[in-house]
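Student: Protein chains in written order, with the numbering used here: chain A, 874 to 1439; chain B, 131 to 391. Every residue, glycine too, gets a C-beta built ideally from N, C-alpha and C. Just so it is clear, the structure is predicted and the values come from calculations on it, not from any experiment. Got a structure here, written out as structure tokens. Questions coming.
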Amino acid sequence: MTAIVKNDGEIDWGEKRYLIIDDFVGIRQLLRESLRNLGAKHIDQAASGGEGMMLLAKTRYDVVLCDYNLGDGKNGQQVLEEARIRNLILPSSVWLMVSAEKSVESVMGAAEHQPDAYIIKPITEGVLLTRLNRVWLKKQIFREIDQAYADKDYLRAARLCEEQIPVNPLHAIDLLRMKATLQLKAGDPLGARAVYRQVLEERDYNWARCGLAKILMHDGEVEDAQKMFQAVIADNRFYIDAFDQLAQAFQLQGKHEEAFDVLQKAAKLSPNSVPRQRTLGQTALKLENIPVAEKAFRKCIDIGEYSVAKTVDAYFGMARVCGKKNDTKEAIRLLNAAVHQFGGDQVTLRAKITEGLVYHETGDLRRARKSGDELEAMLAEEGRQRPDTATCLDMATLLFAVGVKEAPVGLLCYIARNNHDNVPLMDEVQKIFDKARMGDEGVELIRSSRKEAADMMNKGVLLWKSDRLGEAIDWMRVARHALPHNMRILFNSAQILISRLQQTGYVRELADEAIEVLMHVDAIAPGQPRFAQLMEQLAMLAPVSGVVAAAAASEYEAANGAVPDR
Amino acid sequence: MDDDLSQHYQGSPELLMFLASTVHDMKNSISVLSGTLEHLLAATPAAAPAAAAPAAAPAAPAAAQSGEPQYQQLGQMLYQTRRLNDSLIQLLALYKEVGKPGYPFDPTPHSVRELVEQVQGQARILLQSRGITLTTDFAPDAIWTFDEELVIGVLVHAINNAIRYTRDRIVLSVRVDGDHLELRVEDNGDGFPPAMLDAGAAANTTRARGAAVNFSNNSSGLGLYFSSEVARMHSHRQRHGSIALENGGQLGGGCFIVRLP
Chain A
874 MTAIVKNDGE IDWGEKRYLI IDDFVGIRQL LRESLRNLGA KHIDQAASGG
924 EGMMLLAKTR YDVVLCDYNL GDGKNGQQVL EEARIRNLIL PSSVWLMVSA
974 EKSVESVMGA AEHQPDAYII KPITEGVLLT RLNRVWLKKQ IFREIDQAYA
1024 DKDYLRAARL CEEQIPVNPL HAIDLLRMKA TLQLKAGDPL GARAVYRQVL
1074 EERDYNWARC GLAKILMHDG EVEDAQKMFQ AVIADNRFYI DAFDQLAQAF
1124 QLQGKHEEAF DVLQKAAKLS PNSVPRQRTL GQTALKLENI PVAEKAFRKC
1174 IDIGEYSVAK TVDAYFGMAR VCGKKNDTKE AIRLLNAAVH QFGGDQVTLR
1224 AKITEGLVYH ETGDLRRARK SGDELEAMLA EEGRQRPDTA TCLDMATLLF
1274 AVGVKEAPVG LLCYIARNNH DNVPLMDEVQ KIFDKARMGD EGVELIRSSR
1324 KEAADMMNKG VLLWKSDRLG EAIDWMRVAR HALPHNMRIL FNSAQILISR
1374 LQQTGYVREL ADEAIEVLMH VDAIAPGQPR FAQLMEQLAM LAPVSGVVAA
1424 AAASEYEAAN GAVPDR
Chain B
131 MDDDLSQHYQ GSPELLMFLA STVHDMKNSI SVLSGTLEHL LAATPAAAPA
181 AAAPAAAPAA PAAAQSGEPQ YQQLGQMLYQ TRRLNDSLIQ LLALYKEVGK
231 PGYPFDPTPH SVRELVEQVQ GQARILLQSR GITLTTDFAP DAIWTFDEEL
281 VIGVLVHAIN NAIRYTRDRI VLSVRVDGDH LELRVEDNGD GFPPAMLDAG
331 AAANTTRARG AAVNFSNNSS GLGLYFSSEV ARMHSHRQRH GSIALENGGQ
381 LGGGCFIVRL P
């Protein structure tokens, strides 16, 4: 472990590579002049977001000075998001966002990709140097923590935060904030709660109030949480995160109209967020408020144009809106566009489901049935992966509605096997059976599916307990293949692999297998305490700290798409 | 909370976009103007002795006073540009309702040393060009929670203001006083006129918007209003920040004081 970072680093800014992105030539010259006065020799310039992206793709810059307002095309925030998501900037790089006035984005709370600092014009050399030094120092303090975070070794990362706090009083609050985030990731809401309370003793930071309220909300104290979110909003009208959370709190209480109101306000305050417009659109659709849904999905498609957060959900939502307006032709055009632009099995499948729903809603039962048959055929194809649970439920509902029987039963049993101990979800599955007038059969089907899963798991546990680890590993591979999304089976599988490694010492193949299983389970159900514990055990077995986990994680993401995070 | 949420956004979105892009343009122009002037001043002969000294050292007043008229004029231009920038910052803050929940207020922990360094850095060349010495006095390890951009704005404005009143010296001092942070900008001029002292006293007592200071008397009313609102936004356990104007202090001239909880 490297030494704890102290507050006395002197940095040579002369040898760094700089990129200035600003649409105004006068400002570019001025910034270049200032950087030269700091000794900088390697300075590139871009006059637009697009040009900036091209340069970012070619060179790994140490410092990027980017104007927020870039005229037409991408704005500074979108350039930053794309550069981060496409991995065009190193974790050590400094990103300074330059703006003409105090930016609302800086206080919104949960902007997903925050720059390292905001600077307000006019920029003087002194301020520039102070900010550069400050960000650099902070990056030093957080380097190991960020690495452990990226490796998903959350427990170690949280301990590192604790070690840094006493020696870095200036960053104590940031370190505590990170610690709480890590504890939540590691499935330790009680620990995170204590940290938020400790911070709030100090001062009423809005992020800590929101953090605490989120925990209360998940613990079922929804009304208290709602009041806290409202207090944050009363205090800071731009704290968008509080709006988004408040909407969720209302939704949990079944107050959909209130949730809708809050979402509308949030979208008005900060309209350029793809996920927010999507949630607004989907909520409006549920409430049958077609004009708002239409506006939200349209906006979502528009802003997605320049954003890496572009989502296919907006196209599906818009197609539903067209269906409600009896414009089947436009709906089908949108679905084709979605398949064309996004591609992939899941998108094709979901497009087909949406198509069926649109036909069904517009009363075209013949075409709806045809969509259903096509879906059934798609599902029957060899080796095709089942979509996520929500999509499976939608699909089963639709298939029953158009009169298909075998395929939806298969889907629902699949859900039951993969979630055999998730009681609320089982209730939902039963309701779909009831609606299809298959109540009694449903009870029996769910029972046998759950038993099947439990039997598979028990057999593995038995082999493990009787110390036949080799056989247990083989059996769990079979179980995983049959039930690829069953959390209990996945966790047990990883646990057995780790027990084996503890006996035999580190074996690369087995470790990679365990990591792959864990990454998968973290993707479908983030924030499980067992995930954090198993990752920590694995990290302790690895000969080189972190590296193995990082490699496996990136392999997993390359194969399966980014793990939903943060 | 719902009704005044939209109050701020009553104008048409097109108008708001237009205002935002105009502000953006103005800031760009002022940036280029003051940046160019600073570079010119640094390169002009009269500034040579001072520019050669380390950044933290006080400027040599003699250099500016004996300098060429061109140097003096550049200094005057920079001073006016900075005043323009101050006013723009304050007008913007007023437009965005500084002091109200709609303002993007962002208090975080900061090092007092970095605060002083940044204020000093912004004022350095202007002070040099006017032959004014700025000394600082602060506890280097102190940490306090405040909105950095706003507090820098208040202090830089106070220094620009002191440039007008001082003879040749300004002191910026920051100290922790019990449960407050006290920031003082003091000069060795003749002090504030009585009307200003009254306005300063009124700024903390009257809450009603616009009534806190008499905007009609002069432009310094805007600066005072801005500073008092910034101070008041900083609150902790029911205690709010405040400002004060006094005469006397360690240099015997005007003192501008901000206290933050």
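Does any C-beta atom of chain C lie closer than 8 Å to the C-beta of Ser241/B?
Tutor: The structure shown contains no chain C; its protein chains are A and B.
Student: One question on the structure: do Gly999/A and Arg254/B come within less than 8 Å of each other, judged by their Cβ atoms?
Tutor: Your numbering for residue 999/A matches position 126 in the first sequence. Your numbering for residue 254/B matches position 124 in the second sequence. Yes, these two residues count as a Cβ contact at 8 Å.
Student: From this set, Leu1342/A, Leu1271/A and Trp968/A, which residue's C-alpha is nearest Lys1308/A's C-alpha?
Tutor: Position 435 of the first sequence, counted from the first residue, corresponds to residue 1308/A. Selected option, being the one with the closest Cα: Leu1271/A.
Student: What residues from the segment 1109 to 1125 of chain A come within 9 Å of chain B, judged by C-beta to C-beta, listed N to C?
Tutor: Asn1109, Arg1110 and Phe1111
Student: Below 7 Å on C-beta distance, what does Ser164/B contact in chain A?
Tutor: Counting from one through the second sequence, the residue named residue 164/B turns up at place 34. Under the 7 Å cutoff, chain A gives Pro995.
Student: Buried or exposed: which applies to Asn1199/A, given that a residue is buried once 16 or more other Cβ atoms fall within 10 Å of its Cβ?
Tutor: As a working mapping, residue 1199/A is identified with position 326 in the first sequence. By the 10 Å Cβ count, Asn1199/A comes out exposed.
Student: For the segment 247 to 258 of chain B, enumerate the residues whose C-beta is nearer than 8 Å to any C-beta of chain A, in chain order.
Tutor: Glu247, Gln248, Gln250, Gly251, Gln252 and Arg254
Student: Starting from the beta carbon of Thr1156/A, find every residue of chain B whose beta carbon is closer than 7 Å, and list them in chain order.
Tutor: As a working mapping, residue 1156/A is identified with position 283 in the first sequence. Under the 7 Å cutoff, chain B gives no residues; its nearest Cβ is about 18 Å from Thr1156/A.
Student: In this structure, what does DSSP give as the bridge partners for Gly384/B?
Tutor: Counted from its first residue, the second sequence places residue 384/B at position 254. Note: Gly384/B sits in a beta bridge opposite Asn377/B.
Student: Could you spell out the range, first to last residue, of the beta strand (DSSP E) harbouring Arg299/B?
Tutor: Counting from 1 along the second sequence, the entry for residue 299/B is found at position 169. Segment Arg299 to Asp307, the beta strand (DSSP E) holding Arg299/B.
Student: Would you grab the beta carbon distance between Leu1391/A and Leu1414/A for me? Rounded to a whole angstrom, and I think it's under 8 Å.
Tutor: Locating residue 1391/A in the first sequence gives position 518, counting from the first residue. Locating residue 1414/A in the first sequence gives position 541, counting from the first residue. Leu1391/A to Leu1414/A, Cβ: 13 Å. No contact.
Student: With distances taken from CA atoms, which of Leu214/B, Thr152/B, Ala150/B and Leu171/B is nearest Gln203/B?
Tutor: As a first step, residue 203/B must be located in the second sequence, where it is residue number 73. Of Leu214/B, Thr152/B, Ala150/B and Leu171/B, the residue nearest in Cα terms is Leu171/B.
Student: Beta carbon of Ile300/B, beta carbon of Leu264/B: below 8 Å?
Tutor: Along the second sequence, read from residue 1 onward, the residue named residue 300/B stands at position 170. Along the second sequence, read from residue 1 onward, the residue named residue 264/B stands at position 134. Cβ atoms of Ile300/B and Leu264/B: closer than 8 Å.
Student: Give every residue of the same chain whose Cβ lies closer than 6 Å to the Cβ of Lys1197/A, excluding the five residues on either side of it in the sequence, and list them in chain order.
Tutor: The count along the first sequence starts at 1 and reaches residue 1197/A at position 324. Ile1163.
Student: In chain A, which residues lie with their C-beta within 8 Å of the C-beta of His169/B?
Tutor: For the purposes of this step, residue 169/B is taken as residue 39 along the second sequence, with counting starting at 1. Here the neighbours are Glu906.
Student: So, is the C-beta of Phe897/A closer than 8 Å to a C-beta in chain B?
Tutor: On the first sequence, residue 897/A is found 24 positions in, with the first residue counted as 1. Judged by the 8 Å Cβ criterion, Phe897/A is in contact with chain B.
Student: Round the Cβ separation of Leu938/A and Ile893/A to the nearest angstrom and send it over; I've been treating them as touching at under 8 Å.
Tutor: What you label residue 938/A is simply residue 65 of the first sequence in a count that begins at 1. What you label residue 893/A is simply residue 20 of the first sequence in a count that begins at 1. Yes, Leu938/A and Ile893/A are in contact; Cβ-Cβ is about 5 Å, under 8 Å.
Student: Among the residues of its own chain, which have a CB less than 6 Å from the CB of Ala1398/A, if the five just before and after it don't count?
Tutor: As a first step, residue 1398/A must be located in the first sequence, where it is residue number 525. Counting only Cβ-Cβ distances below 6 Å, and skipping sequence neighbours, we find Met1360.
Student: How close, in whole Å, do the beta carbons of His310/B and Leu390/B come, if the pair is a contact with beta carbons under 8 Å?
Tutor: One-based indexing of the second sequence puts residue 310/B at position 180. One-based indexing of the second sequence puts residue 390/B at position 260. Yes, His310/B and Leu390/B are in contact; Cβ-Cβ is about 6 Å, under 8 Å.
Student: Ends of the beta strand (DSSP E) at Asp317/B?
Tutor: Taking the first residue of the second sequence as 1, we reach residue 317/B at position 187. Annotation: the continuous beta strand (DSSP E) that includes Asp317/B extends over His310 to Asp317.
Student: Keeping to the same chain, check which residues put their C-beta closer than 7 Å to that of Lys1012/A; ignore five residues upstream and five downstream.
Tutor: For this step, residue 1012/A is matched to residue 139 along the first sequence. Once the five neighbours on either side are set aside, the close Cβ partners of Lys1012/A are Ser965.
Student: Using a Cβ-Cβ distance under 8 Å, would Ile300/B count as near chain A?
Tutor: Along the second sequence, read from residue 1 onward, the residue named residue 300/B stands at position 170. No, Ile300/B lies away from the interface with chain A (no Cβ there is under 8 Å from its Cβ).
Student: Name the DSSP bridge partner or partners of Pro239/B?
Tutor: The residue you call residue 239/B lines up with position 109 of the second sequence. DSSP, once it has assigned bridges, lists Thr275/B as partnering Pro239/B.
Student: What residues in the segment 1036 to 1055 of chain A bring their beta carbon closer than 9 Å to a beta carbon of chain B?
Tutor: Pro1042, Leu1043, His1044, Ala1045, Ile1046 and Asp1047
Student: Give me the Cα-Cα distance between Thr1264/A and Arg1223/A, rounded to the nearest whole angstrom.
Tutor: In the first sequence, residue 1264/A corresponds to position 391, counting from 1. In the first sequence, residue 1223/A corresponds to position 350, counting from 1. Spanning the two alpha carbons is a distance of roughly 7 Å.
Student: Which one of His986/A, Leu1252/A, Cys1195/A and Glu1094/A has the shortest CA to CA distance from Val1231/A?
Tutor: In the first sequence, counting from the first residue as 1, residue 1231/A sits at position 358. That would be Cys1195/A, whose Cα lies nearest to the Cα of Val1231/A.
Student: Just to confirm the assignment, what range does the alpha helix (DSSP H) spanning Asp1300/A have?
Tutor: Position 427 of the first sequence, counted from the first residue, corresponds to residue 1300/A. First-last of the alpha helix (DSSP H) with Asp1300/A: Val1296 to Lys1308.
Student: Would you decide whether Asp935/A is buried or exposed? Buried here means 16 or more other CB atoms lie within 10 Å of its CB.
Tutor: As a working note, residue 935/A is residue 62 in the first sequence. Per the 10 Å Cβ criterion, buried.
Student: Near Glu1386/A, which residues of its chain fall below 7 Å by C-beta distance, leaving aside the five closest residues on each side in sequence?
Tutor: Here residue 1386/A refers to the residue found at position 513 when the first sequence is read from its first residue. Only Leu1370 meet the Cβ criterion.
Student: Going by C-alpha distance, which of Tyr355/B, Leu167/B and Val315/B is nearest Gln210/B?
Tutor: The count along the second sequence starts at 1 and reaches residue 210/B at position 80. Checked all of Tyr355/B, Leu167/B and Val315/B; the closest Cα to Gln210/B is Leu167/B.
Student: I need the boundaries of the alpha helix (DSSP H) containing His1213/A, first residue and last residue.
Tutor: Counted from its first residue, the first sequence places residue 1213/A at position 340. First-last of the alpha helix (DSSP H) with His1213/A: Thr1201 to Phe1215.
Student: Any C-beta of chain A sitting closer than 8 Å to the C-beta of Thr174/B?
Tutor: Locating residue 174/B in the second sequence gives position 44, counting from the first residue. It does not; no Cβ of chain A falls within 8 Å.
Student: Can you list, in chain order, the residues of its chain whose CB lies under 6 Å from that of His986/A, leaving out five sequence neighbours each side?
Tutor: In the first sequence, residue 986/A corresponds to position 113, counting from 1. The answer, listed in chain order, is Leu953, Glu954 and Arg957.
Student: Please classify Pro191/B: does DSSP put it in a helix, a strand, or coil?
Tutor: In the second sequence, residue 191/B corresponds to position 61, counting from 1. With a pLDDT of 49 at Pro191/B, under the threshold of 50, the modelled position of this residue cannot be trusted; read the value that follows with caution. Correct three-state label for Pro191/B: helix.
Student: Under 8 Å between the Cβ atoms of Ser372/B and Asn334/B?
Tutor: Translated into the one-based positions of the second sequence, residue 372/B becomes position 242. Translated into the one-based positions of the second sequence, residue 334/B becomes position 204. In contact: Ser372/B and Asn334/B (Cβ atoms closer than 8 Å).
Student: What distance in whole Å lies between the Cβ atoms of Ile1205/A and Asp1267/A, which are believed to be in contact at a cut-off of 8 Å?
Tutor: In the first sequence, residue 1267/A corresponds to position 394, counting from 1. In the first sequence, residue 1205/A corresponds to position 332, counting from 1. So it is not a contact: roughly 18 Å between Cβ atoms.
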